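Residue numbers for the sequence shown, in our numbering: 2 to 133.
Scroll down for the structure; my scribbles are underneath it.
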Amino acid sequence: MAVASCTPGTGNSPQAGYTADSVLLRQVRELEQSMLSYMRRANPSYGQKDVRRCAAIITRYLEQMDRSAAVAQGMEVVKAAILELNALNEKCDGQLIETEEREQIATIIINASARKGYNTPDEDITEPWREW
Numbered sequence: 002m003a004v005a006s007c008t009p010g011t012g013n014s015p016q017a018g019y020t021a022d023s024v025l026l027r028q029v030r031e032l033e034q035s036m037l038s039y040m041r042r043a044n045p046s047y048g049q050k051d052v053r054r055c056a057a058i059i060t061r062y063l064e065q066m067d068r069s070a071a072v073a074q075g076m077e078v079v080k081a082a083i084l085e086l087n088a089l090n091e092k093c094d095g096q097l098i099e100t101e102e103r104e105q106i107a108t109i110i111i112n113a114s115a116r117k118g119y120n121t122p123d124e125d126i127t128e129p130w131r132e133w
């Protein structure tokens with residue numbers, strides 16, 4: 002799934018559909034592009050399909066978090082996304098999600114949940130399940 006196709010409002014200004022969702026989705030696109038760029042330079046053990054899968058997991062997380070209606074439901078969405086990312090990273094010999102990606106992914110996940118009021122922006126809700 003191409004993340005860019007999921008973005009409502011593609012402009013960079015508030016007049017062009019600026020919402021919390023578009024900001025988070027833009028961050029996912031930027032993460033994906035950064036990972037693809039690194040992949041082309043470094044020749045890691047993972048491929049473009051793995052990077053796209055990572056972006057798709059995070060995009061689906063954002064969609065599901067938007068639809069969640071309670072903290073418990075939201076935390077299940079977090080857990081499911083983290084476990085799926087763990088499995089993908091393990092499949093990639095632990096190389097797909099490195100320090101920089103970890104910080105970006107955690108920030109996206111935390112901010113989406115905080116926007117719903119389920120946690121504070123400085124609370125790492127990924128930590129109980131995160132292996133990367």
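Think of the CB as a built atom: it goes at the ideal place given N, C-alpha and C, for glycine as much as any other residue.
Note that the structure is a prediction, hence the values are computed from the model and not measured.
Scanning its chain for C-beta atoms nearer than 6 Å, with the 5 sequence neighbours on each side dropped, one finds around Ala107 the residues Thr127, in chain order. In the three-state DSSP reduction, Ile98 falls in the coil class, being neither helix nor strand. Using a C-beta cut-off of 8 Å, the stretch 52-59 makes contact with the stretch 35-44, since at least three inter-stretch Cβ pairs fall below that distance. Across the structure, Gly48 and Tyr119 are spaced so that their CA atoms are roughly 34 Å apart. Around the CB of Gly95, fewer than 16 other CB atoms lie within 10 Å, so the residue is classed as exposed. Beyond the five residues adjoining it in sequence on each side, Asp123 comes within less than 6 Å, by CB distance, of no other residue in the same chain. The DSSP-derived three-state label of Arg131 is coil. When DSSP states are grouped into helix, strand and coil, Lys117 belongs to the coil group.
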